[in-house]
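Visitor: Chains A and B, in that order, are what the protein sequence lines are. For reference, each letter of the first sequence is one residue, going 4 to 387 in my numbering. For reference, each letter of the second sequence is one residue, going -4 to 343 in my numbering.
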Amino acid sequence: MKYVDEYRDGALARQIAATIAAVAHPDRTYAFMEFCGGHTHAISRYGIEDLLPANLRLIHGPGCPVCVLPTGRIDDAIRLVQRPGVTLCTYGDLMRVPGSKGASLLKAKAAGADIRMIYSSLDAVAIAEAEPARDVVFFAIGFETTTPPTAVAIRQAVSKGLTNFSVFCNHVLTPVAMRAILETPVAPNEPPIAIDGFVGPAHVSTIIGMEPYREFAETYRKPVVIAGFEPLDVMQAILMLVRQINDQRAEVENQYIRAVTAAGNVTAQKLCDEIFEIRENFEWRGLGVVPASALRLRDAYAAFDAERRFSVATIHADDNPACECGAILRGQKKPAECKLFGTVCTPETPTGACMVSSEGACAAHWTYGRFREHQTKAAVQMAS
Amino acid sequence: MTKTYRRKLDMKHGRVDLTHGSGGRAMADLIAGIFRDAFANEFLDQGNDQANLPVPAGRRMVMTTDAYVVSPLFFPGGDIGSLAVHGTVNDLAMGGATPLYLSASFIIEEGFPFADLKRIADSMGATSREAGVPVVTGDTKVVERGKADGVFISTTGIGALPDGLALSGDRAEPGDVVVLSGSIGDHGVAIMSRRENLTFETAILSDSAALHGLVAAMLAAAGPHLKLMRDPTRGGLAATLNELAHQSGVGFRIDEATIPVKPQVAAACELLGLDPLFVANEGKLVAVVAPAGAAALLTAMRAHPLGREAAIIGSAVACEHRFVQMTTAFGGGRIVDWLSGEQLPRIC
């Protein structure tokens, strides 16, 4: 595959790995959070951690929108689609996300609810147009990357004069979540939040640019390298982060120069700003309620807001108290340190955010990473 | 018995209605007009509710059954009819059996066009003749509109096992060699490319094919060194290796760089957020062979049209966790686990 294979070259990976190993100081540790689930997935799928020195640790962040959606919002969606005449259009990843009491969209669909899996926000508009008797709700979810497509869908519904299309808006904001992680109060008995720098999500930055990350460099003194999603992108970003730490620099650097500009996509930003405004509060599975961390539709677009159209009042639902998602998302614990991991919480029966989507930290560890511990154990046994 | 009047089915505009499943004359017309000619063979022509069949003396028989509900019914490289023959023939062949006979049951949705039904039956007949495995008995049922999706087909197959052959999924041992017969993911991607809510153009054809010819060549070349075979259908290569790992109580270590994937398949998977390891195949097999037989097996497979791209992709290893581990082409390592849920495209 041209333009893809170049970024998956194993020989080049070994060269970068050798450079990282040579540059990293053996007398200190490095802990970097890759915020985005896309990076987590690439790291697991290509086995990048195998190529990194032992004193360099990657912390899998909360950047998987499916994972961080709280139980209450899934319950809302299920209640919405159980109303007569309502059709819910959703991306497939959301189908298995657990709501309260083991409910999920998949189960609601099996029980007769009209839920359609779509691949684009515009598919939902097309369904609304084709089936005027149905009240079509688009389950909008995602970080800054997926917000413009939702805005475009609303624009299209306006121009088509559709009165049976609305959006259940769950769009969330990357920089706010990063700040929330760094600002989390740590109890005395908890391990500290040890993040030396961030691998920033490239797709988000194709929209928002580089500027929103400046506060992390300047205020928190954490270097940020905006990186693409191919394995060599991630390797190079890690090398750039190690170099910044070694040089005692804290800057926002752009590894993904093939698509990210400093200003981002101004047209998309304007469109989103026209349609969406910031919510006062939004609950994140694993992080709790984070002020100003999500979007909702502006009053001018109230007619397209499913929450207002159907008077949705989200009821908070408690997650399993033994679930360590919060600590895992903040990098304080590893998936295997959670009591539920691999016992009651598996990809088939996910309990917490991190196991829900394959991009979640626990699911990625379950799917790709378990053998690493297994190998380590085997090595220890052989040595003893 | 006097000969009944045969109403001609309107193949151009006609559709199946509920009377075609009622056991009356309409059903007889449907069978006579579509299925009998398509499948014609001496056993079916006996015209009884059961087929009276000769079996090879003193041989063990194997039997398998499978239901086909593929959507769309017609896809690049095949259709539900050809698939219903290939899939069941392959299940017999994976045990080393010579496929002998097939049965076929059709569940047809009210309103299904005769023309499509005939196309499917003709394709199924042609495929079974090509494979040398006749459809010797069958059944049709019609259900109300909305109670099925066009047509569902269920086929059962019977085959005969050569003497002394004991291929089984529990026979892999550490050190055994894993051979794959060709590129993975073709069938799944061909199907996906024609799903109504996904529009992408690809020249990829389903790999749907009957594998018993290839299997015969493999048995001749590797003899007792060949320990087991399985076709990686639903869940793809990943599911098959995990099944075998569990059944045999071993692990597998495979090397991503050795697994053939067509560039178009890789590109489509990239676009859809799929991993070819989990995408279905309908004309490929995985074989586990003792090291001493590996070279001969590979040579024989590559000499067969359905095994030209055969490759050694890894080996069985001792592993109490029965993990399937893979060295990625990038140089790292990962687990190849069972698929959880459906393999769904990423959203961001």
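Positions of the beta carbon are idealized from the N, C-alpha and C atoms, including for glycine.
What whole-angstrom Cβ distance do L95 (chain B) and T59 (chain B) have, given they're in contact under 8 Å?
Guide: Between T59 (chain B) and L95 (chain B) the Cβ distance is about 12 Å, and since that is not below 8 Å, they are no contact.
Visitor: Write down the C-beta distance between F168 (chain A) and F142 (chain A) rounded to the nearest angstrom, noting that I regard them as a contact closer than 8 Å.
Guide: About 13 Å separates the two Cβ atoms, so there is no contact after all.
Visitor: Cβ closer than 8 Å: which chain B residues qualify as neighbours of A297 (chain A)?
Guide: Here the premise fails: no neighbours, minimum Cβ distance about 15 Å.
Visitor: What distance in whole Å lies between the Cβ atoms of I62 (chain A) and G334 (chain A), which are believed to be in contact at a cut-off of 8 Å?
Guide: Between I62 (chain A) and G334 (chain A) the Cβ distance is about 3 Å, and since that is below 8 Å, they are a contact.
Visitor: Are the stretch 146 to 161 of chain A and the stretch 204 to 219 of chain A touching, with three or more C-beta to C-beta distances below 8 Å?
Guide: Contact between the stretch 146 to 161 of chain A and the stretch 204 to 219 of chain A is present, because at least three Cβ pairs lie under 8 Å.
Visitor: Check distances from the C-beta atoms of the stretch 320 to 336 of chain B to those of chain A and list, in chain order, the residues that come in under 7 Å.
Guide: Per Cβ criterion, the list reads Q320, T323, A324, F325, G326, G327, G328, R329, I330, D332, S335 and G336.
Visitor: Name the chain B residues whose beta carbon is nearer than 8 Å to that of I51 (chain A)?
Guide: Ordered by position in chain B, the residues that pass the 8 Å Cβ test against I51 (chain A) are F325 and G327.
Visitor: Of all the alpha helix (DSSP H) runs that stay within the bounds of the stretch 42 to 112 of chain B, which reach a length of 4 or more residues?
Guide: Listed in chain order, they are 75 to 88.
Visitor: F34 (chain B) and L48 (chain B): beta carbons closer than 8 Å?
Guide: No, they are not a contact pair.
Visitor: Mind checking whether A14 (chain A) and L54 (chain A) have CB atoms under 8 Å apart?
Guide: Contact: no.
Visitor: Are the C-beta atoms of T74 (chain A) and some chain B residue less than 8 Å apart?
Guide: No, its Cβ sits nowhere closer than 8 Å to a Cβ of chain B.
Visitor: Where do the N-terminal and C-terminal ends of the beta strand (DSSP E) with Q320 (chain B) fall, by residue?
Guide: Here the beta strand (DSSP E) through Q320 (chain B) covers V319 to T322.
Visitor: So if I threshold CB-CB distances at 7 Å, which residues from the stretch 5 to 30 of chain A count as touching chain B?
Guide: Against chain B - using a Cβ distance shorter than 7 Å - the residues of the stretch 5 to 30 of chain A are V7, R11, G13, A16 and R17.
Visitor: Looking at the C-beta of A204 (chain B), does it have a partner C-beta in chain A at a distance below 8 Å?
Guide: No, A204 (chain B) does not count as interfacial toward chain A.
Visitor: Which chain B residues are close to S47 (chain A), counting only those with a beta carbon under 8 Å from its beta carbon?
Guide: Under the 8 Å cutoff, chain B gives R329.
Visitor: Counting only the same chain and skipping the five closest in sequence on each side, list residues whose C-beta sits under 7 Å from that of G309 (chain B).
Guide: So the list reads V173, F247, R248, I249 and D250, once near-sequence residues are dropped.
Visitor: Decide if S66 (chain B) is buried, meaning its Cβ has at least 16 other Cβ atoms within 10 Å, or exposed.
Guide: So S66 (chain B) ends up on the exposed side.
Visitor: Please work out which residues of its chain come closer than 8 Å, Cβ to Cβ, to G328 (chain B), disregarding the five sequence neighbours upstream and downstream, and give them in chain order.
Guide: So the qualifying residues of the chain are Q320, M321 and T322.
Visitor: Within this structure, are the beta carbons of A126 (chain B) and A62 (chain B) separated by less than 8 Å?
Guide: The answer is no: Cβ separation not under 8 Å.
Visitor: Since T177 (chain A) meets chain B, which of its residues come closer than 9 Å, beta carbon to beta carbon?
Guide: What T177 (chain A) touches in chain B: nothing, since even the nearest Cβ is about 11 Å away.
Visitor: Please report whether the beta-carbon of T370 (chain A) lies at a distance below 8 Å from any beta-carbon of chain B.
Guide: For T370 (chain A), the answer is yes, since a Cβ of chain B falls inside 8 Å of its Cβ.
Visitor: Among the residues of its own chain, which have a CB less than 6 Å from the CB of H299 (chain B), if the five just before and after it don't count?
Guide: Cβ within range, chain order: L209 and A212.
Visitor: Around the C-beta of S314 (chain A), are 16 or more other C-beta atoms found within 10 angstroms, so that it is buried, or is it exposed?
Guide: Classification of S314 (chain A): exposed, given that the 10 Å Cβ count is below 16.
Visitor: With distances taken from CA atoms, which of A:A131, A:I196 and A:N268 is nearest F307 (chain A)?
Guide: Among A:A131, A:I196 and A:N268, the Cα nearest to that of F307 (chain A) is on A:A131.
Visitor: Could you name the residues of the same chain whose beta carbon sits closer than 6 Å to that of G28 (chain B), not counting the 5 residues immediately before and after it, in chain order?
Guide: Excluding residues within five positions, the ones whose Cβ falls inside 6 Å are L4.
Visitor: For V274 (chain B), which of helix, strand or coil comes out of DSSP?
Guide: Looking at V274 (chain B) - three-state DSSP - the assignment turns out to be coil, as it is neither helix nor strand.
Visitor: Any Cβ of chain B within less than 8 Å of the Cβ of P442 (chain A)?
Guide: No statement about residue 442 (chain A) is possible, as the shown extent of chain A runs from 4 to 387 and does not include it.
Visitor: Give me the Cα-Cα distance between A205 (chain A) and E277 (chain B), rounded to the nearest whole angstrom.
Guide: For A205 (chain A) and E277 (chain B), the distance between alpha carbons rounds to 38 Å.
Visitor: Please check if any C-beta of chain B sits within less than 8 Å of the C-beta of L54 (chain A).
Guide: L54 (chain A) counts as touching chain B.
Visitor: What's the gap between the Cα of G64 (chain A) and the Cα of R86 (chain A)?
Guide: Taking the straight line joining both Cα atoms gives about 36 Å.
Visitor: Decide if P227 (chain B) is buried, meaning its Cβ has at least 16 other Cβ atoms within 10 Å, or exposed.
Guide: Buried is the call here.
Visitor: If you run the structure through DSSP and keep just helix, strand and coil, what is H63 (chain A)?
Guide: Here H63 (chain A) sits in strand by DSSP.
Visitor: Give the straight-line distance between the Cα atoms of D78 (chain A) and S107 (chain A), rounded to the nearest whole angstrom.
Guide: Spanning the two alpha carbons is a distance of roughly 8 Å.
Visitor: At which residues does the beta strand (DSSP E) containing P204 (chain A) begin and terminate?
Guide: Taken as a continuous stretch (DSSP letters only), the beta strand (DSSP E) holding P204 (chain A) covers G200 to P204.
Visitor: Taking buried to mean at least 16 other C-beta atoms within 10 Å of its own C-beta, is S176 (chain B) buried or exposed?
Guide: S176 (chain B) is buried by the Cβ-count criterion.
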